[in-house]
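> For the sequence shown, the positions run 8 to 158 when this note's numbering is used. Quick reminder that beta carbons are idealized off the backbone N, C-alpha and C, glycines included. This is the structure I want to talk about, given as structure tokens.
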Amino acid sequence: MKKTALFPGSFDPFTKGHHDIVMRGLNLFDEIIIGIGHNTTKKNRYFDIDLMVSKIESLYTGISGVKVVVYNELTSSLAKAHDAQYLLRGLRNTTDFEYENTISQMNRYLNEELETVFLITSPEFAAISSTIIREVHRYGGNVDTFLPYKV
Ligand code: ADP
8 MKKTALFPGS
18 FDPFTKGHHD
28 IVMRGLNLFD
38 EIIIGIGHNT
48 TKKNRYFDID
58 LMVSKIESLY
68 TGISGVKVVV
78 YNELTSSLAK
88 AHDAQYLLRG
98 LRNTTDFEYE
108 NTISQMNRYL
118 NEELETVFLI
128 TSPEFAAISS
138 TIIREVHRYG
148 GNVDTFLPYK
158 V
């Protein structure tokens, strides 16, 4: 049976840390769906959603088994719609753990067949955070070294 994992997130922006999780996830799963959560009624993203989709898609051109979708529904429902049996998430530190623990319990409650799989960040990417990258970019700093593509 094909193993499909949904990797959900805001990806605002998608970083080298996220890319590392996808590449390592491909050793475990046949297919990874990168789900960009986007509430279409709230224009609260920093990086344009269409730009992010095209950057991520270009990154995985030629690598089979990676798909990008934008969604505005429960993560557990999106997983069901794509026959994903797993949710893939990354863990950098105890703050991530506290947050991830809560959402994974909730997702399990919403769909008990959905198993969340956590990959611990690679040390070289442990300090990369989308929030910090947005702040640096907002004030004109160069963020290229943290992203697996150019913005
Ligand atoms: P969310 O908005 O759901 O927190 P993010 O886009 O910030 O989503 O991140 C998606 C997933 O990637 C989360 O599980 C997060 O912990 C993980 N992640 C974020 N940055 C890194 C990193 N540098 N290394 C490994 N995992 C990361």
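1) Would you tell me roughly how many angstroms separate the C-alpha atoms of Leu121 and His26, rounded to the nearest one?
2) What three-state label does DSSP hand Val29 in the structure shown?
3) Output the distance between the C-alpha atoms of Pro15 and Asp151, rounded to the nearest integer angstrom.
4) Cβ atoms of Gly42 and Val76: under 8 Å apart, would you say?
5) In whole angstroms, give me the CA-to-CA distance for Val29 and Phe104.
6) Within this structure, are the beta carbons of Leu98 and Thr128 separated by less than 8 Å?
7) Assuming Thr101 is part of the alpha helix (DSSP H), what are its boundary residues?
8) Nearest-angstrom Cα distance between Ile110 and Glu119?
Let's see:
1) In a straight line, the C-alpha of Leu121 is about 22 Å away from that of His26.
2) Residue state, collapsed to three classes: helix.
3) Computed Cα separation, rounded: 23 Å.
4) Using a Cβ distance threshold of 8 Å, Val76 and Gly42 count as a contacting pair.
5) Each residue's alpha carbon lies about 19 Å from the other.
6) In contact: Leu98 and Thr128 (Cβ atoms closer than 8 Å).
7) Per DSSP, Thr101 belongs to the alpha helix (DSSP H) from Thr101 to Leu117.
8) Straight-line Cα distance between these residues: approximately 13 Å.
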